[in-house]
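Numbering (our numbering), first residue to last: 74 to 190.
This is the structure:
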C-alpha cells in the first residue's frame, strides 16, 4: 500500500481543536487503510478549504453511501464498529464544517470542508 500527501502552500490558519481534527484524520485514514487492498494507494490532500482522503479500495455500495455517517452503519465486509465516520461527522459539524463521501467500485474519497478562519 502506498500513502501520498499533497499539501498546498501558504495554507490559512483554521480555528479548530487540533486533537479533534487529528481524530477525524485518524478515523478517515483508518477506514481507508482497512478497505484498501495490498498494492492499492491512499492519498491525503490538503488545501485552503479543508482536506480529502482518497483510496483505491473496493468502494462503498450505492445503497450504503447515504448512510455512511450514521452510527453503526457498516458494509457487509466491514470489521469496524460503524462509529468512525459518525464521530468524524460530529466533530466536523462542531467546527461548522461538512464532510462528504464520493465512491465508486474503484475507490472512495471523503472530503472535509472547514470554514475560513
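C-beta: ideal position from N, C-alpha, C; glycine also.
Using a Cβ-Cβ cutoff of less than 6 Å, which residues in the same chain neighbour residue i once the five nearest sequence positions on both sides are dropped?
i: residue 173; result: 184
i: residue 137; result: 148
Alpha helix (DSSP H) containing residue i: first to last residue?
i: residue 160; result: 157 to 167
i: residue 98; result: 91 to 108
Are the beta-carbon atoms belonging to residue i and residue j less than 8 Å from one another?
i: residue 142; j: residue 158; result: yes
i: residue 101; j: residue 167; result: no
i: residue 110; j: residue 130; result: yes
i: residue 127; j: residue 78; result: no
Just curious, the beta strand (DSSP E) that residue i is in, first and last residue?
i: residue 118; result: 114 to 120
i: residue 145; result: From DSSP, residue 145 is part of no beta strand (DSSP E); its letter is neither H nor E.
i: residue 180; result: 180 to 186
i: residue 88; result: Segment: none, residue 88 is in no beta strand (DSSP E) and carries neither H nor E.
For residue i, which residues in the same chain have their Cβ closer than 7 Å to its Cβ, ignoring the five residues on either side in sequence?
i: residue 81; result: 119, 120 and 121
i: residue 164; result: 93, 96 and 97
Excluding the five sequence neighbours on either side, which residues of its own chain have a C-beta within less than 8 Å of the C-beta of residue i, listed in chain order?
i: residue 169; result: 187 and 188
Do the stretch 138 to 150 and the stretch 78 to 92 make contact, defined as three or more Cβ pairs closer than 8 Å?
no
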